[in-house]
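Residue numbers for the sequence shown follow numbering that gives the first Met the number 0, beginning at 0 and rising by one. Beta carbons: idealized from backbone N, C-alpha and C, even for Gly.
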Amino acid sequence: MASLRKSVLITGCSAGGIGAALAHVFQEKGYHVFASARNPTKIPATLSGAANVTSLTLDVLSPSSIAAAVDSVQRKTGSGLDVLINNSGGGYTVPALDASLVKGKELFELNFWAPLAMLQAFAPLLIKAKGCVVNNTSANAYIPMPLMSMYNSSKAALAMASETWRHELQPLGVRTITLVTCAVKTNFFADYHPAELPETSKYSDIRDFIHNLTDGRMQRKAISSREYAISVVREVEKGTVGTVWAGTDASMARLAWWLSPQWIFDMIVQSVIPLSKEMAKATQKKEN
Numbered sequence: 000m001a002s003l004r005k006s007v008l009i010t011g012c013s014a015g016g017i018g019a020a021l022a023h024v025f026q027e028k029g030y031h032v033f034a035s036a037r038n039p040t041k042i043p044a045t046l047s048g049a050a051n052v053t054s055l056t057l058d059v060l061s062p063s064s065i066a067a068a069v070d071s072v073q074r075k076t077g078s079g080l081d082v083l084i085n086n087s088g089g090g091y092t093v094p095a096l097d098a099s100l101v102k103g104k105e106l107f108e109l110n111f112w113a114p115l116a117m118l119q120a121f122a123p124l125l126i127k128a129k130g131c132v133v134n135n136t137s138a139n140a141y142i143p144m145p146l147m148s149m150y151n152s153s154k155a156a157l158a159m160a161s162e163t164w165r166h167e168l169q170p171l172g173v174r175t176i177t178l179v180t181c182a183v184k185t186n187f188f189a190d191y192h193p194a195e196l197p198e199t200s201k202y203s204d205i206r207d208f209i210h211n212l213t214d215g216r217m218q219r220k221a222i223s224s225r226e227y228a229i230s231v232v233r234e235v236e237k238g239t240v241g242t243v244w245a246g247t248d249a250s251m252a253r254l255a256w257w258l259s260p261q262w263i264f265d266m267i268v269q270s271v272i273p274l275s276k277e278m279a280k281a282t283q284k285k286e287n
């Protein structure tokens, strides 16, 4: 028998992250939540122990794991899937000149190809439910933060693809929301291991500055993951379609991207990550 309860599957639901916060809010709204993670022991007990939550082992880079998740959802709901949230993702902070192409391609696998694989696998259930797919991109898809070109471009690829999928899925009755996520306070950097610069790097003099970008300081004034999740779930429930900016100062970031001349926009970028200033300071120190 088909379930009357709405359902949502969220990837990347490890404790302290955006996925777990979204899962909690959807659960409170009465959805049956499929909270997934590559390692399900990282899903918070407050989710895995809830009556309307199913914890799933899901590696979004594994076709067999995705297929198993589809089977689990289909057997549980019997009526399709109302919401799919592609939230899993990774980061890579390193100058482009020093970036590993292998690691860069792995990042694209996770941030771009995996959401497409998930969409393809769950499309029959989404179409059956006349559901909604939510793709979590990043403000970095639009704001070219230095030292993050691999991450920025993978999220930009997803943002463009998501909006393209919106046009393709609309005739099939499926809504698409492209989340442009600004800063959110999470545990993302707790287990993050910054890339090591080679001794020959042109940026070796600011090695500490680059490493310190991944110590969580960029999230210190950010809104909580719960605040973020509440705003996102609100958009899903009111039938929003298309691009949604969410997170800390999301409206201001969108306006800055949309309205600012390039020289002002460049000043904003450099105020967040003052790469040129740090390089100039390092050069002056060497000369003295």
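Proximity winner among the options, relative to residue i (alpha-carbon distances)
i       : options                            : result
Gly-11  : Tyr-30, Pro-43, Arg-4              : Pro-43
His-166 : Val-132, Ile-209, Thr-199, Ala-14  : Val-132
Ala-158 : Lys-127, Ile-209, Pro-114, Leu-55  : Pro-114
Ala-116 : Lys-5, Val-232, Val-59             : Val-59
Pro-197 : Gln-169, Ala-67, Arg-206, Lys-154  : Arg-206
Glu-236 : Ala-122, Ala-155, Gly-130, Gln-218 : Gly-130
Asp-81  : Pro-123, Ala-245, Ile-65           : Pro-123
Ala-14  : Thr-282, Glu-277, Ala-189, Met-278 : Ala-189
Residue i - containing beta strand (DSSP E), residue span
i       : result
Val-133 : 131-135
Ser-54  : 52-56
Leu-8   : 6-9
Gly-241 : 241-245
Whole-angstrom C-beta distance between residue j and residue i, which should lie under 8 Å
i       : j       : result
Glu-162 : Thr-177 : 6 Å
Leu-125 : Leu-83  : 6 Å
Val-69  : Thr-175 : The Cβ separation is near 19 Å, so there is no contact.
Ser-153 : Asn-211 : About 23 Å; that fails the 8 Å criterion.
Val-72  : Leu-168 : That belief does not hold up - the Cβ atoms of Val-72 and Leu-168 are roughly 18 Å apart, past 8 Å.
N- and C-terminal bounds of the alpha helix (DSSP H) containing residue i
i       : result
Ile-267 : 261-271
Ala-120 : 113-128
Ala-281 : 274-286
Cβ contact (3+ pairs, closer than 8 Å) linking the stretch 20-27 and the stretch 40-55 = When C-beta atoms of the stretch 20-27 are compared with those of the stretch 40-55, three or more pairs fall below 8 Å, so the two segments count as touching.
request  = Determine, using beta-carbon pairs with one atom in the stretch 261-279 and one in the stretch 143-162, whether at least three such pairs fall under 8 Å.
outcome  = Cβ pair count under 8 Å is three or more, so yes.
query = Is there contact here, the stretch 183-201 with the stretch 94-101, by at least three beta-carbon pairs under 8 Å?
reply = Counting C-beta pairs closer than 8 Å gives three or more between the stretch 183-201 and the stretch 94-101, which meets the contact rule.
Every unbroken beta strand (DSSP E) within the stretch 51-109, with a cutoff of 3 residues, ordered by chain = Taken in chain order, the complete beta strand (DSSP E) segments of 3 residues or longer contained in the stretch 51-109 are 52-56, 82-85.
message = What ranges does the beta strand (DSSP E) occupy inside the stretch 133-195, keeping only unbroken runs of at least 3 residues that lie completely in it?
response = The DSSP assignment places 174-180 as complete runs of the beta strand (DSSP E) inside the stretch 133-195, in order along the chain (cut-off: 3 residues).
inquiry  = Closer than 8 Å is the cut-off here; do at least three beta carbon pairs connect the stretch 101-120 with the stretch 30-39?
reply    = No contact exists between the stretch 101-120 and the stretch 30-39.
key: Segments of 3+ residues assigned as beta strand (DSSP E) that fall wholly inside the stretch 212-258   = Whole beta strand (DSSP E) segments, 3+ residues: 241-245.
key: Every unbroken beta strand (DSSP E) inside the stretch 10-45 [3 residues or more]   = Correct list: 31-36.
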